[in-house]
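A short write-up of the structure that comes next.
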Amino acid sequence: MQEEEIRDRALKALDKKADYGPDVDLSAFVRGAGDLEVKGLEDLPSDVREQAVTVGVKLDMKERAGTYFQLDHSVIFSGVSKYFDGGVELISTIEAKRKYDWLNKYFWKVVPVDADKYTAFAALEWDHGYFLRVAARKKVTVPLQSCLYIHRNKLDQNVHNIILMEPGSEAQIITGCVVHPNVSKALHVGITEIYLMRGAKLTFTMIHNWAEGIDVRPRTGIMLEEGATFISNYINLKPVGSVQTYPAAHCNGENSTAIFNSLIYGNRRSVIDVGGKIILDGRGSRGEVKSRVIATGNAEVYSRGLLVGKQEKTRGHLECRGLLLSDQAFIHAIPELRGEASGTELSHEAAVGKIAEEAIYYLMARGFSEEEAVSMIVRGFLDTRIFGLPEPLQKEVDHAIDIVLSSSL
21 MQEEEIRDRA
31 LKALDKKADY
41 GPDVDLSAFV
51 RGAGDLEVKG
61 LEDLPSDVRE
71 QAVTVGVKLD
81 MKERAGTYFQ
91 LDHSVIFSGV
101 SKYFDGGVEL
111 ISTIEAKRKY
121 DWLNKYFWKV
131 VPVDADKYTA
141 FAALEWDHGY
151 FLRVAARKKV
161 TVPLQSCLYI
171 HRNKLDQNVH
181 NIILMEPGSE
191 AQIITGCVVH
201 PNVSKALHVG
211 ITEIYLMRGA
221 KLTFTMIHNW
231 AEGIDVRPRT
241 GIMLEEGATF
251 ISNYINLKPV
261 GSVQTYPAAH
271 CNGENSTAIF
281 NSLIYGNRRS
291 VIDVGGKIIL
301 DGRGSRGEVK
311 SRVIATGNAE
321 VYSRGLLVGK
331 QEKTRGHLEC
341 RGLLLSDQAF
351 IHAIPELRGE
361 ASGTELSHEA
371 AVGKIAEEAI
381 YYLMARGFSE
391 EEAVSMIVRG
401 FLDTRIFGLP
411 EPLQKEVDHA
421 IDIVLSSSL
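Mapping of the sequence shown onto my numbering: residues 21 to 429, in sequence order.
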């Protein structure tokens, strides 16, 4: 798609409301850099560094194959370790687009530029984002990481990420999104387009640590070729103004697999609308959407899932389990199945309820306070083993969850 066409379609969609989630007034936010001048990771203030840790980002870059760090509209660091140099590339998408003419064909291909006002705004006001390319047959054995940080109050941050997994490649990436404690209002729009070529595998873990008054609109599309595997793990455990995202995986290749897992702790007045849709368009393709949701305070949580079976021998399953900790909160599970071919098998199960009093009494009888008992049950409910992560990555995700929950429960 040519730049002129992108801009024209974006301009026409600037007033187009999203199908789901609260509508956000784009004019309420500011553009431009703040007053924090940082030239590299070593210059980051201690409070910024501490916040980055809460979303699984290691600024010493130990046990990381590569790092991308963006603060507001500025790229602070991007690069890969020497061990993976040549097989992995991790740079700003703006830099990548200048470097590679062929990259244009991957922009706005699996996420339509005119999907809604947020995609349109991100196209017209683009603030970097990361480009990740893993070379054919390259196995990246330790995680890559990216951090998208908002430091300036009332800022609008629009990033566009592109991931290319070449044939037979494998990688894991942790993306941490976080806001400075002094930020009371901001907007983050994240466009992510992911392409998995034949036999490639990507584990994509996103940890959100936002705050009340922050509106978040991720827009993600994934395209899978034959035998490719995509695993998405989404974790949101802190209060937020609103989050609305409905990533779509297109399993075009035979025997391709897409899995969406999410752990959500809706607190205070958060409005969280999260889902996953999988289009099974390749013979023998498979999809799963699993969510664990806790709602307390006055939180509103919508858990969506859509499976579309378009070819024979396709399989899909949706699963949502919700736990209510407040009479003022609610959880709305919305599973959808659409079979369009004979030989497709799609299923779903959902359960929403409160903590059984017997479970609390059982723990209290063994010396725990009621508060400790509830905390233990909540932590057990948010069990990352449903993700099926490699053990080292699971330990890191567990550690990040423990940090966040320690200040939430």
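Where a beta carbon is used, it is the ideal one built from N, C-alpha and C, also for glycine.
Whole angstroms are fine: how far does the CA of residue j sit from the CA of residue i?
i      : j      : result
Ala393 : Phe401 : 12 Å
Lys258 : Leu343 : 16 Å
Pro42  : Cys197 : 20 Å
His171 : Val263 : 19 Å
Met226 : Tyr138 : 20 Å
Glu377 : Asp347 : 15 Å
Val309 : Ala385 : 37 Å
Glu274 : Gln192 : 23 Å
Tyr215 : Glu109 : 15 Å
Glu246 : Gly387 : 54 Å
Pro201 : Ala231 : 8 Å
Ile251 : Leu64  : 32 Å
Arg405 : Ala379 : 21 Å
Leu345 : Gly76  : 27 Å
Ile26  : Ser367 : 38 Å
Leu357 : Asp105 : 43 Å
His270 : Glu332 : 16 Å
Ile421 : Leu91  : 22 Å
Ser389 : Ala140 : 51 Å
Arg69  : Lys59  : 14 Å
Gly317 : Lys159 : 44 Å
Val50  : Ala142 : 14 Å
Arg324 : Tyr266 : 8 Å
Phe127 : Tyr381 : 55 Å
Gly99  : Ile111 : 7 Å
Glu369 : Ile375 : 19 Å
Met243 : Phe407 : 21 Å
Ser395 : Thr74  : 19 Å
Thr195 : Pro163 : 10 Å
Arg157 : Leu184 : 13 Å
Lys117 : Glu24  : 16 Å
Asp418 : Ala220 : 26 Å
Glu62  : Ser101 : 17 Å
Gly302 : Asp28  : 33 Å
Asp9   : Arg288 : The requested residue 9 is not part of the displayed model; the chain covers only 21 to 429.
Under the rule that 16 or more other beta-carbon atoms within 10 Å means buried, what is residue i, buried or exposed?
i      : result
Lys297 : buried
Ala37  : The question names Ala, but residue 37 is Lys in the sequence shown. Under this definition Lys37 is an exposed residue.
Ala33  : buried
Thr161 : exposed
Met217 : buried
Lys119 : exposed
Gln22  : exposed
Glu391 : exposed
Leu175 : buried
Ser204 : exposed
Glu360 : exposed
Asp136 : buried
Tyr103 : exposed
Leu31  : exposed
Lys415 : exposed
Lys82  : exposed
Gly52  : exposed
Quick one, are the C-beta atoms of residue i and residue j less than 9 Å apart?
i      : j      : result
Ile182 : Phe224 : no
Glu277 : Lys330 : The question names Glu, but residue 277 in the sequence shown is Thr. Not closer than 9 Å, so no.
Gly107 : Ala155 : yes
Ala315 : Ile354 : no
Leu207 : Leu46  : yes
His148 : His228 : no
Ser305 : Ile284 : no
Ser189 : Tyr88  : no
Ile341 : Val372 : In the sequence under discussion, the amino acid at residue 341 is Arg, which differs from the Ile named in the question. Taking 9 Å as the Cβ cut-off, Arg341 and Val372 qualify as a contacting pair.
Arg237 : Gly210 : yes
His337 : Gly307 : yes
Ala72  : Leu79  : yes
Val130 : Ala248 : no
Asn256 : Ile279 : no
Ser362 : Ala319 : no
Glu115 : Val95  : yes
Glu145 : Asn124 : no
Val313 : Ser282 : yes
Gly233 : Glu213 : no
Is the CB of residue i under 9 Å away from at least one CB in chain D?
i      : result
Ile314 : Structure shown: chain D not included; a single protein chain is present.
- Where in the segment 150 to 195 do unbroken runs of the alpha helix (DSSP H), each at least 4 residues long, occur, reported from the N-terminal end onward? The alpha helix (DSSP H) runs of length 4 or more contained entirely in the segment 150 to 195 do not exist; there are none.
- Task: Run through the segment 328 to 385 for me and flag every whole beta strand (DSSP E) of 3 or more residues, listed as ranges in chain order.
- Result: 335 to 344, 350 to 359, 365 to 374, all fully within the segment 328 to 385.
- Quick one: which unbroken beta strand (DSSP E) runs of 3-plus residues sit fully inside the segment 238 to 274? Chain order, please. Entirely contained in the segment 238 to 274, the beta strand (DSSP E) runs reaching 3 residues are, in chain order, 249 to 256, 262 to 265, 268 to 271.
- Can you list, in chain order, the stretches of the alpha helix (DSSP H) that have 4 or more residues and sit fully within the segment 67 to 147? For the segment 67 to 147, whole alpha helix (DSSP H) runs of length 4 or above, ordered along the chain, are 113 to 119, 137 to 144.
- Task: Could you tell me which uninterrupted alpha helix (DSSP H) segments, each at least 4 residues in length, are contained entirely in the segment 288 to 331, listed from first to last along the chain?
- Result: As far as the segment 288 to 331 is concerned, it has no whole alpha helix (DSSP H) run of at least 4 residues.
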